[in-house]
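Encoded as structure tokens, the structure appears first; notes follow it.
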Amino acid sequence: MTVRTTLIAILIFILSQQLGKAQQHTSALKGKVIDAASEAPIPYATVLLLNTNPPIGAASDDDGNFTLENVPVGRYDVKIVSVGYEPAILGGILIISGKVQTITAHLQEVVLSVNEVVVKPKEEKEKAINQMATVSAKQFTVEETNKYAGGLDDPARMVSSFAGVASTISSNGIVIRGNAPKGLLWRMEGVAVPAPNHFGEISGVGAGIITALSSQMLANSDFFTGAFPAEYGNALSGVFDLSMRTGNNTAREHTFQIGALGIDASSEGPFKKGGNSSYLFNYRYSSLALIDQVMPQDIGGIRYQDLSFKLHFPTKKAGTFSVWGLGLIDGLKEKGEKDTTQWESVYDSYSTTSKIHMGIGGVTHKFFFGNNTYIKTILAGTSHVITFDKDYQDSNKIRVPEDKIVMDNSNITLSSYINHKFNSKHTNRTGFIVQKLFYNYVFKNQQNYGEPITTYVDAQGNSAIIQAFSQSSFKVGHRLQLNPGVHFQTFLLSKKWIVEPRLSAQWTVDSKQNVTFGYGLHSSLEKLNFYFGEVQTPNGVTKPNTSLDFSKAHHFVFGYNRMVGQNTHLRLEPYYQYLYDIPVIADSSFSFVNLKDSWYLNDNFENAGKGRNIGIDITLERFLNKGWYYLATASFFDSKYKGGDDVWRNTAFNKNFVGNFLIGKEWNVGKKKQNQINVSTRFTYMGGDRYTPINTQASIAARAVKQDYSKAFQAQAPANYYLHFTVTYRKNYGKYSTLLSLQVLNALGSKEFFGHSYNKKTNSVVMDAEAVVIPNISYKIQF
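So the sequence shown is residues 75 to 857, counted in my numbering.
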């Protein structure tokens with residue numbers, strides 16, 4: 075089946091449907107109002123839809139819950155008001171047929187009495203969900219991953235439109251402020267997890283092809299690009315803090331989606347009618363065979379599937395329990411060209427087979443002591459297994475093995491913290507994390523053509539990382555907020571430990587603008603397999619890297635935020651990061667700050683490397699209003715490092731600039747204006763990838779690519795430009811709604827830099843650059 079056949083089939087199906095009668099369709103809005111600091115429910119809060127006539131409203135019950143029935147489908151601003159709290163506005167809430175919309179409103183308690191200061195409702199979109207974050211943090215919604223051009227229903231791709239972030243088309247690896255993707259911490263439901271990406275690590279350290287967590291499962295989540303709060307540890311560049319939403323506990327709802335990337339099925343609802351417990355699950359099966367014509371090489375052998383779920387069990391006296399999980403299975407087979415006359419480079423003869431299995435699961439318990447204190451405890455386990463084999467055909471037509479990788483990581487994590495609100499001015503969160511690590515690694519590679527296989531890593535065992543943290547939030551009057559904190563972590567294998575101070579502050583100038591500051595000392599482990607590299611010495615094989623220290627970084631961030639009118643937000647954030655104790659090789663330009671696709675390392679590392687990232691991020695965002703929205707971001711930065719030879723150089727990720735402009739328009743169509751058409755486009759322009767110049771004479775002599783490491787990363791590929799667009803059409807019926815979506819990444823076919831290869835036919839080294847275009851047309855029905 076071709077892409078054209080798929081498009082025609084789906085379009086015929088949609089056009090063959092009846093248009094339906096022009097009747098007013100309705101649905102429901104439900105949610106919960108809670109105290110932002112204590113997360114305790116706020117009873118008797120007033121919830122109003124602002125743009126309805128007559129007004130539609132309700133009051134929250136004793137548990138903070140509310141429900142608005144018979145709401146006409148469409149988009150609304152929701153205002154929440156309660157005595158003693160600052161009013162809040164949640165903008166752009168979409169109500170559709172066949173799906174109950176659920177929101178959570180976090181209200182800030184007024185520090186001074188309402189007679190002392192005038193409190194105005196605030197649009198909460200520009201704020202992070204984590205109330206202790208004042209800098210380099212942004213909340214994103216599930217709808218944005220589908221609506222924003224370039225999102226492809228993938229949070230990792232969607233955030234590449236944020237300031238300070240760079241990414242590529244071929245993978246969803248996230249480069250934050252010049253840092254490698256491996257420095258990003260992924261959290262799910264409050265615990266650290268392996269990057270939840272299909273083909274994660276295979277396409278690059280800390281990267282994958284597409285997310286393994288369906289947008290059907292996500293709640294609003296936070297993304298941090300620096301100086302993050304004390305509860306986040308073992309991360310050097312940023313944090314992706316993902317949350318799963320809770321299933322509908324009043325009615326059963328289902329979603330089915332089919333498209334060029336596969337099928338997606340989801341269901342949710344109460345376990346029994348009238349109960350408070352609920353379930354939510356999602357299953358996806360996908361194949362890229364439909365679009366292999368526009369992907370690099372032949373990836374028709376790619377298959378992947380995933381299953382995610384969340385079960386929610388609130389009780390009257392024992393607190394709230396939830397059971398959640400995610401599992402994925404990936405497979406990739408690529409066959410090399412057998413006809414030697416067709417070979418241009420050695421890569422043409424390669425055959426590869428890779429398999430990935432990941433399982434993540436946990437139990438979460440939350441218990442309130444009164445209205446101001448709760449304890450949240452999570453017991454979770456993860457398993458991540460990767461096997462990778464690659465061989466090639468030599469001149470005698472014999473298959474020769476070149477790579478063999480086995481990465482088997484399993485973790486058991488216990489996390490618990492207590493959150494206590496002392497009063498309206500002071501809240502504290504203190505907790506610990508114990509993560510038991512189990513590992514089994516085999517890394518083998520043929521260093522040069524015709525040589526025997528070298529074993530780089532062969533290790534099995536277990537260790538642990540222990541973390542503890544405490545963070546407070548103080549409000550000094552109604553203008554100043556201070557968030558001091560401290561994080562501690564130790565790695566039992568290396569016997570290293572570190573205490574990390576954190577501090578953020580916000581000064582509210584007036585109702586439209588504020589100034590922020592953030593500082594944090596952050597540290598992280600490297601991938602565990604690098605600690606067990608085998609080094610050959612006259613006395614035999616040794617493993618000299620088991621005592622490596624943490625890689626560390628000081629983050630300094632200043633910020634200026636201003637609301638321009640009612641719907642546009644401006645943010646300026648200059649920053650400086652100083653990295654130190656980075657693993658390097660003595661008298662070499664090598665440094666772990668540049669690590670992105672290197673696995674075979676068996677050198678003696680030392681924590682002597684340094685780095686610095688300096689720049690400014692600029693964001694101008696118009697929230698959805700009168701159908702229009704846009705997001706303009708610009709990042710200007712310089713990323714340098716010093717390796718074991720004590721020379722400052724550009725890092726591999728020093729693009730110097732990244733610019734994005736995303737604009738979209740939503741129209742209400744139909745006889746009663748209850749259907750929506752959304753069109754958005756995004757243009758990205760960024761500096762090219764850095765690379766090490768080629769030693770041409772040595773490459774010709776060796777008939778293989780040889781680089782001049784004395785000039786590491788002095789060369790730069792041409793600048794990249796990408797154009798993405800998304801078109802969606804949502805139609806609401808009486809009991810269900812449909813969504814037809816067309817998403818295209820890199821519509822102009824801009825070429826992406828993939829390095830260099832040796833061309834045997836021309837006896838020369840050539841730059842590898844390919845145009846990766848990803849189209850996806852899909853049809854979704856929610857009922």
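Glycine included, each C-beta is placed from N, C-alpha and C at the ideal position.
As the structure is a computational prediction, the values presented were derived from the model and not from experiment.
Given Val-174, which residues of its chain have a CB within under 8 Å of its CB, disregarding the five upstream and five downstream residues? As a position in the sequence shown, residue 174 is number 100, starting the count at 1. Closer than 8 Å at the Cβ level, and outside the excluded window around Val-174, lie Ser-101, Ala-102, Leu-103, Lys-104, Asn-322, Thr-324, Ala-325, Glu-327.
Where Val-840 falls: helix, strand or coil (DSSP): For the purposes of this step, residue 840 is taken as the residue at position 766 of the sequence shown. Here Val-840 sits in strand by DSSP.
Rounding to the nearest angstrom, what Cα-Cα distance links Tyr-634 and Glu-695 in this structure? Translated into the one-based positions of the sequence shown, residue 634 becomes position 560. Translated into the one-based positions of the sequence shown, residue 695 becomes position 621. For Tyr-634 and Glu-695, the distance between alpha carbons rounds to 14 Å.
What do you get for Val-531, buried or exposed, if any count of 16 or more other CB atoms within 10 angstroms of its CB means buried? Within the sequence shown, residue 531 is the residue found at index 457, counting from 1. Under this definition Val-531 is a buried residue.
What is the C-beta distance between Lys-464 and Asp-482, in whole angstroms, given that I count them as a contact (C-beta under 8 Å)? For this step, residue 464 is matched to residue 390 along the sequence shown. For this step, residue 482 is matched to residue 408 along the sequence shown. With a Cβ gap of about 19 Å, Lys-464 and Asp-482 do not count as contacting.
Out of Asn-734, Gln-290, Phe-443, Thr-219, point me to the one whose CA is closest to Phe-710's CA. On the sequence shown, residue 710 is found 636 positions in, with the first residue counted as 1. It is Asn-734.
Close beta carbons around Lys-409, own chain, < 7 Å, minus the five adjacent residues each side: As a first step, residue 409 must be located in the sequence shown, where it is residue number 335. For Lys-409, where only same-chain residues beyond five positions count, the Cβ hits under 7 Å are Ser-425.
Give me the Cβ distance between Asn-204 and Asp-296, rounded to the nearest whole Å; I'm assuming they're in contact under 8 Å. For the purposes of this step, residue 204 is taken as the residue at position 130 of the sequence shown. For the purposes of this step, residue 296 is taken as the residue at position 222 of the sequence shown. That belief holds up - the Cβ atoms of Asn-204 and Asp-296 are roughly 5 Å apart, short of 8 Å.
Going by CA-CA distance only, name the one from Gly-172, Arg-473, Gly-165, Thr-770 that's closest to Ser-855. What you label residue 855 is simply residue 781 of the sequence shown in a count that begins at 1. It should be noted that the sequence gives Ile, not Ser, for residue 855. Checking every option, the nearest Cα to that of Ile-855 belongs to Gly-172.
Go ahead and label Arg-777 buried or exposed: buried means 16 or more other beta carbons lie within 10 angstroms of its beta carbon, across all protein chains shown. In the sequence shown, the residue the question calls residue 777 occupies position 703. Flag for Arg-777 reads exposed.
Let's see if you can read the secondary structure: which residues bound the beta strand (DSSP E) around Thr-858? The shown model of the chain, from 75 to 857, leaves out residue 858, and the question about it has no answer.
Pick helix, strand or coil for Glu-647, following the three-state DSSP scheme. The residue given as residue 647 occupies position 573 in the sequence shown. Correct three-state label for Glu-647: strand.
Could you name each continuous beta strand (DSSP E) segment of 3 residues or more that falls completely within the segment 255-324, going from the start of the chain to the end? 258-262, 295-298, 312-316
Expressed to the nearest angstrom, what Euclidean distance is found between the alpha-carbon atoms of Phe-727 and Pro-255? For the purposes of this step, residue 727 is taken as residue 653 along the sequence shown, with counting starting at 1. For the purposes of this step, residue 255 is taken as residue 181 along the sequence shown, with counting starting at 1. If you take the alpha carbons of Phe-727 and Pro-255, they lie about 10 Å apart.
For Ser-773, which of Ser-838, Phe-606, Phe-383 has the nearest alpha-carbon? The residue given as residue 773 occupies position 699 in the sequence shown. Minimum Cα distance to Ser-773 is reached at Ser-838.
My output table needs one value for Val-233: the three-state DSSP class, helix, strand or coil. For the purposes of this step, residue 233 is taken as the residue at position 159 of the sequence shown. If DSSP states are grouped into helix, strand and coil, Val-233 belongs with the helices.
Taking only runs of the alpha helix (DSSP H) that begin and end inside the segment 730-806, which ones reach a length of at least 4 residues, in chain order? 770-776
Bounding residues of the alpha helix (DSSP H) (the contiguous stretch that carries Glu-217): For the purposes of this step, residue 217 is taken as residue 143 along the sequence shown, with counting starting at 1. Start and end: 216-221.
Can you tell which of Ser-241, Ala-542, Ala-162, Ile-472 has the C-alpha that lies nearest to the C-alpha of Leu-488? By 1-based counting over the sequence shown, the position of residue 488 is 414. Checked all of Ser-241, Ala-542, Ala-162, Ile-472; the closest Cα to Leu-488 is Ala-542.
Classify Thr-438: buried if its beta carbon has 16 or more other beta carbons within 10 angstroms, exposed otherwise. Numbered from 1 along the sequence shown, position 364 holds the residue referred to as residue 438. Buried is the call here.
For Ser-360, count the other beta carbons within 10 Å of its own beta carbon; 16 or more makes it buried, fewer makes it exposed. Which is it? For the purposes of this step, residue 360 is taken as the residue at position 286 of the sequence shown. Buried is the call here.
Are the CB atoms of Ala-309 and His-596 within a distance shorter than 8 Å? Within the sequence shown, residue 596 is the residue found at index 522, counting from 1. Within the sequence shown, residue 309 is the residue found at index 235, counting from 1. Contact: yes.
Is it true that the segment 615-622 meets the segment 636-646, where meeting means three or more beta-carbon pairs spaced less than 8 Å apart? no
Among the residues of its own chain, which have a CB less than 6 Å from the CB of Ser-457, if the five just before and after it don't count? Here the question's residue 457 lines up with position 383 in the sequence shown. So the qualifying residues of the chain are Gly-433, Ser-484.
From Leu-354 to Asp-380, what distance separates their C-alpha atoms? Your numbering for residue 354 matches position 280 in the sequence shown. Your numbering for residue 380 matches position 306 in the sequence shown. Approximately 14 Å, taken between the alpha carbons.
Own chain partners of Lys-805 with C-beta closer than 7 Å, once the 5 adjacent residues on each side are dropped: Position 731 of the sequence shown, counted from the first residue, corresponds to residue 805. If we look at Lys-805 and ignore the five residues flanking it on each side, its Cβ neighbours are Asn-749, Ser-811, Thr-812.
Return the first residue and the last residue of the beta strand (DSSP E) that Gly-614 is part of. Mapped onto the sequence shown, residue 614 falls at position 540. Looking at the DSSP string, the run of the beta strand (DSSP E) that includes Gly-614 is 614-616.
Thr-389, buried or exposed, once every other Cβ within 10 Å from all chains shown has been counted against 16: In the sequence shown, counting from the first residue as 1, residue 389 sits at position 315. Exposed, by the Cβ-count rule.
Option in Ala-706, Tyr-703, Leu-705, Ile-690 with minimal Cα separation from Asp-712: The residue given as residue 712 occupies position 638 in the sequence shown. Comparing Cα-Cα distances from Asp-712 to each of Ala-706, Tyr-703, Leu-705, Ile-690, the minimum goes to Ile-690.
How many angstroms separate the CA atom of Thr-427 from the CA atom of Ile-479? What you label residue 427 is simply residue 353 of the sequence shown in a count that begins at 1. What you label residue 479 is simply residue 405 of the sequence shown in a count that begins at 1. Roughly 11 Å between the two C-alpha positions.
Where does Val-107 sit, in a helix, a strand or coil, going by DSSP? Within the sequence shown, the letter at position 33 stands for residue 107. In this structure, Val-107 counts as strand in the three-state DSSP scheme.
Would you kindly report the start and end of the unbroken beta strand (DSSP E) that includes Lys-518? Here residue 518 refers to the residue found at position 444 when the sequence shown is read from its first residue. Start and end: 500-520.
Any beta carbon of chain B sitting closer than 8 Å to that of Asp-136? The structure shown has no chain B; it contains just one protein chain.
Using the DSSP secondary-structure output, state which residues sit across from Ile-492 in a beta bridge. As a first step, residue 492 is located in the sequence shown; it is residue number 418 there, counting from the start. Paired residue(s): Ile-449, Thr-504.
Bridge-paired residues (DSSP) for Asn-442: Translated into the one-based positions of the sequence shown, residue 442 becomes position 368. It should be pointed out that residue 442 corresponds to Phe in this sequence rather than to Asn. Per DSSP, Tyr-448.
If you draw a straight line from the alpha carbon of His-58 to that of Ile-283, how long is it in whole angstroms? No answer is possible for residue 58: the residues shown for the chain start at 75 and end at 857.
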